Amino acid sequence: MVGAVFYNNLPQPADGPKSTKIWHSLIWRLQLYTRKGLGGVPDLSWHELLQMTNPSSGFVLTTTVTEGRSLDAAVSNPFVSPEDRAGGAEIFQRNCAACHDGSGAHAPLLDRPLRHGDSDLAIYKVVRDGIPGTSMASHADLLFDDRWRVVGYIRSLQAKTSATSDDTLFHLDVNVKGDDLLAPNSGQWLTYSGSLDGRRYSPLSEITKENVSRLRARWISQFDTDDRLMEATPLVVGGTLFTSVPPAGIVAYDTKSGKVIWKYERPLPDNLPMCCGRVNRGLAVLGNVLFLGTLDGVLVAVDANRGKEIWETEVAKPSEGFSMTGAPLVANNAVVVGVAGGEFGIRGFLAAYDSASGKQLWKFNTIPGPGEPGHETWKNDAWRTGGGPTWVTGSYDPSLDLLYWGVGNPSPDYNGDVRPGDNLYTNSVIALRASTGKLVWHFQFSPHDERDWDSNQSPILAELAINGANRKVICWANRNGFYYVLDRVTGEFLTGVNFVEQNWADGLDHAGRPILSAGASTEGRLIWPGGGGTNWQNPAFDQGQGLVFVPTSEGASIFTKTDPDNVQRGEGGLFVASGAAWVTPPVRAVRALDAATGKRRWEFRSPTAKDSGYGGLLATAGGLVFGASGGVLFALDSATGQELWHMPVGGETRAAPISFVVDGQQVIAIAAGRALFAFGL
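Under the working numbering, the first residue of the sequence shown carries the number 40, and numbering increases by one thereafter.
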């Protein structure tokens, strides 16, 4: 009561995000201290609580107040760096190894479920207090930080032996047939986009507008990685969730408990060409095999049931500027992979591999060489280092045997003077025959791009009524600020309207080619949409409502370019020829567009999205759109954009949520920070 009176009589914060942030930081701590004073936090002393609520401690206890979660669910050990684990190992050797010698003769083994709880807080309390009536003595004499380092070391013992220890508990029998990918089970998530059509739509409808506010965490599992950026979309096959973990790993989880079944880790060389961090966006599956593209340009096949490598094949050489960050796609029973490196002067391509052997079946060069169609759009031999990366997963129409894939920026970026021409097939969508890799058609969104408006977005395949006729189409919100609808059989341009503010084009002509605005030169001009109206983060599509949901950015940038006589590679082979900078922080939003016309139907702006923007989106048959930004997962009414629920998840939220079924119940899962979260009713 005293705490409540004190809280209600505090002065209100001054206007502005900084003062509001300080205010909320103060309030949740006061609420937690009040709860402690009333006896509501018995597991921690005042000294421990003050240590853990220090802003620099790394602990995040906000959710124990704002979401009413228990300490066991909320406390996550921040002492997990290699240095912390090494320190924990030394402390363990001095104090614990005499009994916990690994034989199990003197004390329980620590590489399996623990009798007194497996949560970070449960292990911490055992280290601190010991176990009465046993030889497990209290280690209250250890420093607070050192106790948590021991917790981190014990957790690493469980992680390292998880594949062995769980073999007796989990018997996987993964066998995904090609037909399963064509008509996926609604309770699973078998491809990067959930289905081959790129829609990011779940037909599950248990979670609705009426009950979504009751979503709670089912389980949370921490990744054993030092990397903070998680951009991967997991796959769910039966009762197992598989996800890639940077820099080059795979983890299999039990979907009921979040327990690790097995792990696969592949070492990487140093000094790889990477523009945007050590990221990986996911896996593909066929039969009992998972497929992973690695940052050093290798496609790896891993047994989904045991976590053992089957084969690997080199796709591209890092020494030539290549890397691989995207999830592969299985199309026509072949494994299709794209490459990254548009900022390093690569000659991009898309390639398909035999799923059984890793043998290359075909390769399509996105930068055509001499004698290949489109080569005439390159001058000065610039095609040799023309860019054209393919690092975001495409879509596939099995009825047409057509594979649709977005192609990224030309190289060098920002300066087209050294590469005259349209620079095909950069900033385009290409439609390839999946069985042969032959080009059927292409459409270029931004000819001769000088603003890094790459077309590395996920193609959405839909059936829409256009001018009274039903058409098989592609829906595409492009980074250049325009939303397009194309006939996916022929590539015919059907619709094109801007979905964010833009000033570089007066519109699109009858064929969809931009009509450049007078004075919209790259050099030193203020250009909308600046860094791009959207990026690689996944849109979603609801066929029933006819809506495309897009993570967007509104803002302008000033673009500059190097003198053409001085264009050269920079440090590490970077080949960008100047750059761009947002003039003011962009305004981030989720927008719903009419799929047939591109007309905006609604907009949602998250207060946490100002700096980080949005991760990918998920639409569901329950009338919801799930997304995340700034460490917060949210659910929107797909018809109106009204926020119906949100949940803080801590770390960065770059990845897209997915939905699947566990024990007959719908679950929403997302990677955030260094953890994987699963929510259900």
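For every residue, glycine included, the Cβ atom is placed at its ideal position computed from N, Cα and C.
As the structure is a computational prediction, the values presented were derived from the model and not from experiment.
Taking the alpha carbon of residue i as the reference point, which residue from the options has its own alpha carbon closest?
i	options	result
Gly680	Gln582, Ala710, Val165, Val664	Val664
Val369	Leu533, Gly217, Val165	Gly217
Ala179	Pro171, Arg167, Val189	Arg167
Val324	Thr230, Thr333, Gly288, Cys314	Thr230
Arg552	Ile505, Phe482, Gln90, Leu311	Phe482
Arg253	Ile707, Arg713, Ala711	Ile707
Thr424	Ala579, Ile406, His414, Asn134	Ile406
Pro498	Arg510, Gly571, Ala579, Ala550	Ala579
Gln582	Pro242, Leu439, Leu268, Trp567	Pro242
Glu691	Asp342, Asn319, Ser96, Ala714	Ala714
Gly233	Leu338, Arg255, Glu489, Leu274	Leu274
Gly719	Tyr392, Asp676, Arg255	Arg255
Ala658	Phe588, Ala667, Lys418	Phe588
His210	Asp602, Ser434, Asn344	Asn344
Ser244	Phe699, Phe716, Ala717, Gly712	Phe699
Ala544	Thr529, Gly76, Ala550, Phe521	Phe521
Pro568	Lys477, Val539, Asn577	Val539
Taking the C-alpha atoms as reference points, what is the distance between residue i and residue j?
i	j	result
Thr416	Tyr292	48 Å
Val479	Ile469	8 Å
Pro625	Thr534	26 Å
Asn24	Arg644	Missing from the structure shown is residue 24; the chain here goes from 40 to 720 and no further.
Val615	Asp452	4 Å
Pro357	Thr92	44 Å
Ala144	Glu129	With a pLDDT of 49 at Ala144, under the threshold of 50, the modelled position of that residue is not reliable, and no figure is offered here.
Gly226	Asp159	31 Å
Ile697	Ala710	10 Å
Lys347	Phe361	26 Å
Phe484	Pro590	19 Å
Ala421	Thr599	20 Å
Val215	Leu683	35 Å
Pro56	Pro409	Residue placement at Pro56 is poorly supported in this model, since its pLDDT is 46, which falls under 50; the coordinates still yield a value, given next. Taking the straight line joining both Cα atoms gives about 56 Å.
Gly637	Arg564	27 Å
Leu724	Ser177	Here the chain has residues from 40 to 720 only, and residue 724 is not among them.
Val190	Leu329	32 Å
Glu353	Gln90	49 Å
Asp205	Lys302	With a pLDDT of 46 at Asp205, under the threshold of 50, the predicted position of this residue should be treated as unreliable, and no value is reported.
Check residue i in the structure and name its three-state DSSP category.
i	result
Leu221	helix
Val354	coil
Arg239	coil
Tyr443	strand
Gly127	helix
Glu382	helix
Lys477	coil
Gln227	coil
Ile707	strand
Ala628	strand
Gly191	helix
Lys511	strand
Pro687	strand
Phe183	helix
Pro553	strand
Glu249	coil
Leu368	strand
Thr264	coil
Phe516	Position check: residue 516 holds Ala in this sequence, whereas Phe was assumed. In this structure, Ala516 counts as strand in the three-state DSSP scheme.
Ile36	No information on residue 36 is available, as it lies outside the stretch 40 to 720 that the chain covers here.
Asn134	helix
On the DSSP letters alone, give me the boundaries of the beta strand (DSSP E) that residue i sits inside.
i	result
Arg639	639 to 643
Asp293	288 to 293
Trp422	Per DSSP, Trp422 belongs to no beta strand (DSSP E) and is neither H nor E.
Glu593	586 to 593
Leu547	544 to 547
Arg257	255 to 261
Ala694	Taken as a continuous stretch (DSSP letters only), Ala694 belongs to no beta strand (DSSP E), as it is neither H nor E.
Tyr522	521 to 526
Lys722	Because the chain spans 40 through 720 in this model, residue 722 falls outside it and cannot be assessed.
Glu531	Counting along the chain, Glu531 falls outside any beta strand (DSSP E), and DSSP gives it neither H nor E.
If residue i and residue j are in contact, beta carbons under 8 Å, what's the gap, nearest whole angstrom?
i	j	result
Pro286	Arg257	No, Pro286 and Arg257 are not in contact; Cβ-Cβ is about 28 Å, not under 8 Å.
Leu441	Ala473	7 Å
Ala631	Arg640	4 Å
Gln496	Asn517	7 Å
Phe716	Ile246	At roughly 15 Å, the Cβ-Cβ gap does not stay under 8 Å, so Phe716 and Ile246 are not in contact.
Under 7 Å from any heavy atom of the ligand ATP, does the C-beta of residue i make it?
i	result
Thr465	Judged by which ligands are present, the structure shown has none, so any question about the ligand ATP falls away.
Just reading off the alpha helix (DSSP H) that residue i is part of, what are its end residues?
i	result
Asp741	Absent from the structure is residue 741, since the part of the chain shown begins at 40 and ends at 720.
Leu88	85 to 91
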